[in-house]
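Novice: Take a look at the following structure, please.
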Amino acid sequence: MLFFSFFKTLVNHEVTVELKNDISVRGTLKSVDQYLNIKLDDISVVEEMKYPHLSSVKNVFIRGSVVRYVHLPANAVDTPLLEDATRREASQAASKAKQSSS
Amino acid sequence: MENLNLHDAGPPGPPPPGQHPPQNLGMPPPVPQLPPQMFTTAAQLLDLTDKKLMVALRDGRKLIGVLRSWDQFGNLVLQDTIERLFVQNLYADIERGLFLVRGENVSLLGEIDLDKDDYVPPPFQQADVEKVFALRKAENAMNKKLDKSKQKKLAAFGFEGEHHGEAIL
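Chain order of the listed sequences is L and H.
Using full-length UniProt numbering, you'd call the opening residue of the first sequence number 1 and step up by one each time.
Using full-length UniProt numbering, you'd call the opening residue of the second sequence number 1 and step up by one each time.
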């Protein structure tokens, strides 16, 4: 769930989503859900002439399972906070594992 | 989606991750969060309902139709669907009708800007379905062959391809 929460903090930032079929779509992150499906607004497609089917499209819903990378704006990411959250999640997972084994 | 709207507070229950229970003193204060029902598949698809969409499937097909129904898996019902084939500088539309698309086959779907409805950028020209279909078939066979040899070379280095020899466009 950490990445879900993380992406929620990036709403309204410009991101570029690279798909497994090599299409890269840049747009404003509007929404994300538990499967990391992504909704982008005001999109522009890198190498647009290669993908003519996207030229009349203004916003996209991208299925999480087809995403290869999400390029993030560096200044929108609070790395120490993310590190903290990761440690917290890891320790929570560890204590949960301990509880269930005892 | 029990008639929640985006301004309602979230349901009571365990706080979502990222919000901390009060005993977590010394932790950074929680970031103010948007209501959680904004961040569901349902909320994302809800405002696309009854809109004209372009759906790109995992096998490279492009469907254009009106979204009539959907569920949390991204299964879709499309009405008055056409399939648009692109090849070289040509395209053609094939009338397909009603579609129920299983969610796993969807790669991307986009709302068509009605101001730019059916706009296809200049070098592309509409052509005969038969002609485009034949060209498409030839190109697919070619791509498949190229992809196969690429996968073979990669496999020699111990890589396993993402698309398992299936050309994706």
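The C-beta atom is built at its ideal place from N, Cα and C for all residues, glycine as well.
Just so it is clear, the structure is predicted and the values come from calculations on it, not from any experiment.
To which residues of the same chain is H:Gln125 closer than 7 Å at the C-beta, ignoring the five residues directly before and after it?
Specialist: In the second sequence, counting from the first residue as 1, residue 125 of chain H sits at position 125. Correct list, in chain order: Asn89 and Leu90.
Novice: Taking only three categories from DSSP, how would you classify L:Val11?
Specialist: For the purposes of this step, residue 11 of chain L is identified with residue 11 of the first sequence, where counting begins at 1. DSSP places L:Val11 in coil when its eight states are reduced to three.
Novice: Count the other CB atoms, across all protein chains shown, that sit within 10 Å of the CB of L:Lys98; report buried if there are 16 or more and exposed otherwise.
Specialist: For this step, residue 98 of chain L is matched to residue 98 along the first sequence. With fewer than 16 Cβ atoms within 10 Å of its Cβ, L:Lys98 is classed as exposed.
Novice: Whole angstroms are fine: how far does the CA of L:Val25 sit from the CA of H:Gly165?
Specialist: Taking the second sequence and counting its residues from 1, the one referred to as residue 165 of chain H is at position 165. Taking the first sequence and counting its residues from 1, the one referred to as residue 25 of chain L is at position 25. Per-residue confidence for H:Gly165 stands at a pLDDT of 46, beneath the threshold of 50, marking its modelled position as unreliable; no derived number is given.
Novice: Leaving aside the five residues before and after L:His13 along the sequence, list all residues of the same chain whose C-beta is less than 8 Å from its C-beta, in chain order.
Specialist: Here residue 13 of chain L corresponds to residue number 13 of the first sequence, with the count starting at 1. Excluding sequence neighbours, L:His13 sits near Thr28, Leu29, Leu72, Pro73 and Ala76.
Novice: Mind pulling the alpha helix (DSSP H) runs of 4 or more residues that sit fully within the UniProt domain "Sm" (40-115) of chain H?
Specialist: Runs of the alpha helix (DSSP H) inside the UniProt domain "Sm" (40-115) of chain H: 41-46.
Novice: The alpha helix (DSSP H) with L:Leu54 in it runs from where to where?
Specialist: As a first step, residue 54 of chain L must be located in the first sequence, where it is residue number 54. Run containing L:Leu54: none; DSSP gives neither H nor E here.
Novice: Locate the beta strand (DSSP E) running through H:Asp117, then write down its first and last residues.
Specialist: The count along the second sequence starts at 1 and reaches residue 117 of chain H at position 117. Looking at the DSSP string, H:Asp117 is not in any beta strand (DSSP E), and its letter there is neither H nor E.
Novice: Could you confirm whether any beta carbon from chain H is found closer than 8 Å to the beta carbon of L:His53?
Specialist: By one-based count along the first sequence, residue 53 of chain L stands at place 53. Chain H contact via Cβ: present.
Novice: Go to L:Arg26, then tell me how far its beta strand (DSSP E) extends in each direction, as first and last residue.
Specialist: Stepping through the first sequence from its first residue, residue 26 of chain L is reached at position 26. Start and end: Ser24 to Val32.
Novice: What residue range does the beta strand (DSSP E) around L:Val67 cover?
Specialist: Residue mapping note: residue 67 of chain L aligns to position 67 of the first sequence, counting from 1. Note, L:Val67: beta strand (DSSP E), Val67 to His71.
Novice: Cβ closer than 8 Å: which chain L residues qualify as neighbours of H:Ile82?
Specialist: Within the second sequence, residue 82 of chain H is the residue found at index 82, counting from 1. Going along chain L, no residue has its Cβ under 8 Å from H:Ile82, so there is no contact; the nearest lies around 12 Å.
Novice: Is the CB of H:Val101 under 8 Å away from at least one CB in chain L?
Specialist: The sequence position of residue 101 of chain H within the second sequence is 101, counting from 1. So no, H:Val101 is outside the interface.
Novice: In the DSSP output, which residue or residues are listed as bridge partners for H:Gln125?
Specialist: Along the second sequence, read from residue 1 onward, the residue named residue 125 of chain H stands at position 125. H:Gln125 pairs with H:Leu90.
Novice: Below 9 Å on C-beta distance, what does H:Glu111 contact in chain L?
Specialist: Within the second sequence, residue 111 of chain H is the residue found at index 111, counting from 1. Within chain L, the residues near H:Glu111 are Val57, Lys58, Asn59, Val60 and Phe61.
Novice: Would you give the residue range spanned by the beta strand (DSSP E) that L:Lys39 belongs to?
Specialist: Here the question's residue 39 of chain L lines up with position 39 in the first sequence. From DSSP, the beta strand (DSSP E) with L:Lys39 extends over Ile38 to Val45.
Novice: With DSSP as the reference, label H:Phe133 as helix, strand or coil.
Specialist: By 1-based counting over the second sequence, the position of residue 133 of chain H is 133. It is helical.
Novice: With 9 Å as the limit, tell me which residues of the region 19-34 of chain L have their beta carbon closer than that to any beta carbon of chain H; keep them in chain order.
Specialist: Under the 9 Å Cβ criterion, the region 19-34 of chain L contributes Leu19, Lys20, Asn21, Asp22, Ile23, Val25, Lys30, Ser31, Val32, Asp33 and Gln34.
Novice: Give a yes or no on whether the minimum CB-CB distance between H:Gly165 and chain L is below 8 Å.
Specialist: By 1-based counting over the second sequence, the position of residue 165 of chain H is 165. Unreliable placement is indicated for H:Gly165, whose pLDDT of 46 sits below 50; the coordinate value is still reported in the next sentence. False, the Cβ-Cβ gap to chain L never drops below 8 Å.
Novice: Across which residues does DSSP place H:Phe159 in a beta bridge pair?
Specialist: Stepping through the second sequence from its first residue, residue 159 of chain H is reached at position 159. The partner list for H:Phe159 (beta bridge, DSSP) is empty, contrary to what the question assumes.
Novice: What does DSSP give as the partner residue(s) for L:Thr16 in the beta ladder?
Specialist: Looking up residue 16 of chain L in the first sequence gives position 16. DSSP, once it has assigned bridges, lists L:Arg26 and L:His71 as partnering L:Thr16.
Novice: Buried or exposed for H:Gly74, going by 16 or more other Cβ atoms inside 10 Å?
Specialist: What you label residue 74 of chain H is simply residue 74 of the second sequence in a count that begins at 1. The residue in question, H:Gly74, is buried, as its Cβ has 16 or more Cβ neighbours within 10 Å.
Novice: Please classify L:Pro52 as buried or exposed, where buried requires at least 16 neighbouring CB atoms within 10 angstroms.
Specialist: One-based indexing of the first sequence puts residue 52 of chain L at position 52. So L:Pro52 counts as buried.
Novice: When you compare the CB positions of L:Ser55 and H:Val120, do they come within less than 8 Å of one another, or not?
Specialist: Position 55 of the first sequence, counted from the start, is the residue given in the question as residue 55 of chain L. Position 120 of the second sequence, counted from the start, is the residue given in the question as residue 120 of chain H. Yes, they are a contact pair.
Novice: Could you name the residues of chain H that L:Val15 contacts, counting a contact when the two beta carbons are closer than 9 Å?
Specialist: Position 15 of the first sequence, counting from 1, holds the residue named residue 15 of chain L. The premise fails here: L:Val15 is roughly 15 Å from chain H at the closest Cβ pair, so nothing lies under 9 Å.
Novice: Please check if any C-beta of chain L sits within less than 8 Å of the C-beta of H:Val106.
Specialist: Against the second sequence, residue 106 of chain H aligns to sequence position 106. Yes, H:Val106 counts as interfacial toward chain L.
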